[in-house]
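Each residue of the sequence shown is one higher than the last, beginning at 4 in this note's numbering.
A quick write-up on the structure given underneath.
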Amino acid sequence: MAPRRLSFTAEVVAELAPHVPPLPCCRAALLVGMAWAGEPGAARAGAELVTTRPVAARAALGTLRADRLRAHVERRRTPRRVRYRVTVEGDPPPPLDAPERLSAGMCCTRTLLRGAFLAGGAVSHPERPAHLEILARSAQTATALGDAFGRLGVDATVVERRGRWLATVRTGEAVGVALSVIGAQGGRLRYEEGRVVREMRAAVNRRINGETANLRRTADAAVRQVEAATRLRNDPVRWEGLPQGLREAAELRLRHPQDTLERIAAHAGVSRSAMAGRLHRLTESARFAGAVAGNPHSNPARGGG
Ligand SMILES: [Zn+2]
């Protein structure tokens, strides 16, 4: 069996998870971010983190350990997914998600978002339409995460989906910047490569569609011209009555049904627009002839055999 390919979200999470922030202010911010994001259902708000990702739970433990805080992880199977609950020990336990633990430094704002992404973030595959989101525990924390993105110049929107709150980033450029600010440089590179592929593919598709439409129009026009020329030639009176230039255009089109307008014009030694005008008048004449041909009494070419 082929190994299951990691989703792009899993790749980004795997890139972010091993790094324990070196500064104490950032370690606090990482845990605040994790507490703000992820799953609802913390029994003792402030002392717990709940996430569906074992790698995020491990990152939280590593960060707490760096500050000599003891914690334990509980694995719980719920009907829809497995949840990991990280509980800080102590009496009373130090609050994890208190905003007053946050410094105003950019280092902490970035790390806050990194923690939030680790616990509850997702990002679309680089070749798919751009979308990054962080599932938040509440409307309030979703707004706080959106504001943190805003402070770093990333345009984020807070939305509610099926009763859950999310901070979302939705343009290709902003998703790229968001990956950088949370510290996923590898993810950013992968993402930008995919974005180039996606944009190039869209441009190629637009061009192919345009060319296909042009080819179809040209082919349709040639078919109409061949029909018109055939109909006129089968009506000797009308055929003889055609101006010389139109008759020549009809003959050329019959002889070269696949040729482009340019080639037909070249055969006649006239400009492209002159030939376009002649072929247009040819189809108009045939339409008129066809209407008349519908009445056998007015068409001496028929029945005279
Ligand atoms: Zn910091």
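Every residue, glycine too, gets a C-beta built ideally from N, C-alpha and C.
**Request:** Assuming Gly190 contacts Leu182 (C-beta within less than 8 Å), just tell me the rounded distance between them.
**Result:** For the purposes of this step, residue 190 is taken as residue 187 along the sequence shown, with counting starting at 1. For the purposes of this step, residue 182 is taken as residue 179 along the sequence shown, with counting starting at 1. Confirmed, about 5 Å.
**Prompt:** Does the region 74 to 85 come within contact of the region 140 to 150, defined as at least 3 CB pairs closer than 8 Å?
**Reply:** no
**Prompt:** Leu26: beta carbon under 7 Å from a heavy atom of ligand 1?
**Reply:** As a working note, residue 26 is residue 23 in the sequence shown. Answer for Leu26: yes, Cβ within range of ligand 1.
**Message:** I need the straight-line Cα distance from Ala282 to Ala252, nearest angstrom please.
**Reply:** For the purposes of this step, residue 282 is taken as the residue at position 279 of the sequence shown. For the purposes of this step, residue 252 is taken as the residue at position 249 of the sequence shown. For the record, residue 282 in the displayed sequence is Leu; it is not Ala. Straight-line Cα distance between these residues: approximately 6 Å.
**Asked** Regarding Ala151 and ligand 1, is the C-beta to nearest heavy atom distance less than 7 Å?
**Response** Here residue 151 refers to the residue found at position 148 of the sequence shown. Ala151 Cβ: outside cutoff for every heavy atom of ligand 1.
**Item:** Cα-Cα separation between Glu243 and Gly272, rounded to whole angstroms
**Value:** Reading the sequence shown from its first residue, position 240 is the one you call residue 243. Reading the sequence shown from its first residue, position 269 is the one you call residue 272. Rounded to the nearest angstrom, the two C-alpha atoms are 22 Å apart.
**Request:** Measure the C-alpha to C-alpha separation of Asp94 and Arg140 and round it to an integer number of angstroms.
**Result:** Along the sequence shown, read from residue 1 onward, the residue named residue 94 stands at position 91. Along the sequence shown, read from residue 1 onward, the residue named residue 140 stands at position 137. Rounded to whole angstroms, Asp94 and Arg140 show a C-alpha spacing of 25 Å.
**Prompt:** When you compare each of Leu285, Ala289, Leu19, Leu249 to Gly123 by their alpha carbons, which one comes out closest?
**Reply:** In the sequence shown, counting from the first residue as 1, residue 123 sits at position 120. For Gly123, the nearest C-alpha among the options comes from Leu19.
**Message:** What ranges does the alpha helix (DSSP H) occupy inside the region 233 to 271, keeping only unbroken runs of at least 4 residues that lie completely in it?
**Reply:** 239 to 244, 247 to 258, 264 to 271
**Asked** Distance, Cα to Cα, Val178 vs Ala32?
**Response** As a position in the sequence shown, residue 178 is number 175, starting the count at 1. As a position in the sequence shown, residue 32 is number 29, starting the count at 1. If I take the Cα positions, the gap works out to 21 Å.
**Message:** Among Glu254, Asp223, His259, whose alpha-carbon lies nearest the alpha-carbon of Leu235?
**Reply:** Counted from its first residue, the sequence shown places residue 235 at position 232. If we check each option's Cα against that of Leu235, Glu254 comes out closest.
**Request:** Compare the beta carbon distance of Ala116 and Val184 with 8 Å and say whether it is the shorter of the two.
**Result:** Here residue 116 is taken as the residue at index 113 of the sequence shown, counted from 1. Here residue 184 is taken as the residue at index 181 of the sequence shown, counted from 1. A quick correction: the sequence has Leu, not Ala, at residue 116. Yes; because the gap between Cβ atoms is below 8 Å, this pair is in contact.
**Item:** Residue range of the unbroken beta strand (DSSP E) whose run includes Glu163
**Value:** As a first step, residue 163 is located in the sequence shown; it is residue number 160 there, counting from the start. From DSSP, the beta strand (DSSP E) with Glu163 extends over 160 to 164.
**Prompt:** Which residues share a DSSP beta bridge with Ile137?
**Reply:** Here residue 137 refers to the residue found at position 134 when the sequence shown is read from its first residue. According to DSSP, Ile137 bridges with Gly124, Ala170.
**Item:** Counted within 10 angstroms of its Cβ, other Cβ atoms place Ala206 as buried (16 or more) or exposed
**Value:** Mapped onto the sequence shown, residue 206 falls at position 203. Result: exposed.
**Message:** Rounding to the nearest angstrom, what Cα-Cα distance links Leu264 and Ala133 in this structure?
**Reply:** If you number the sequence shown from 1, residue 264 lands on position 261. If you number the sequence shown from 1, residue 133 lands on position 130. Using only the alpha carbons, I get a separation of about 43 Å.
**Item:** Selected residue, minimal CA-CA separation from Phe152, among Thr112, Gly248, Ala125
**Value:** Counting from one through the sequence shown, the residue named residue 152 turns up at place 149. Comparing Cα positions, the closest option is Thr112.
**Item:** Thr90 in three-state terms, based on DSSP
**Value:** Counting from one through the sequence shown, the residue named residue 90 turns up at place 87. If DSSP states are grouped into helix, strand and coil, Thr90 belongs with the strands.
**Message:** On a Cα-Cα basis, can you pick out the residue from Pro129, Gly280, Ser10, Cys29 that is closest to Arg193?
**Reply:** Residue numbering aside, residue 193 sits at position 190 when the sequence shown is read from its first letter. If we check each option's Cα against that of Arg193, Pro129 comes out closest.
**Prompt:** How many angstroms separate the CA atom of Arg290 from the CA atom of Ala269?
**Reply:** Indexing the sequence shown from 1 puts residue 290 at position 287. Indexing the sequence shown from 1 puts residue 269 at position 266. Those two C-alpha atoms are separated by around 26 Å.
**Asked** Secondary structure at Val76, three-state DSSP: helix, strand or coil?
**Response** As a position in the sequence shown, residue 76 is number 73, starting the count at 1. Reduced to three states, the DSSP call for Val76 is strand.
**Request:** Kindly give me the distance between the Cβ atoms of Leu34 and Leu105, rounded to whole angstroms, as I take these residues to be in contact under 8 Å.
**Result:** The count along the sequence shown starts at 1 and reaches residue 34 at position 31. The count along the sequence shown starts at 1 and reaches residue 105 at position 102. With a Cβ gap of about 10 Å, Leu34 and Leu105 do not count as contacting.
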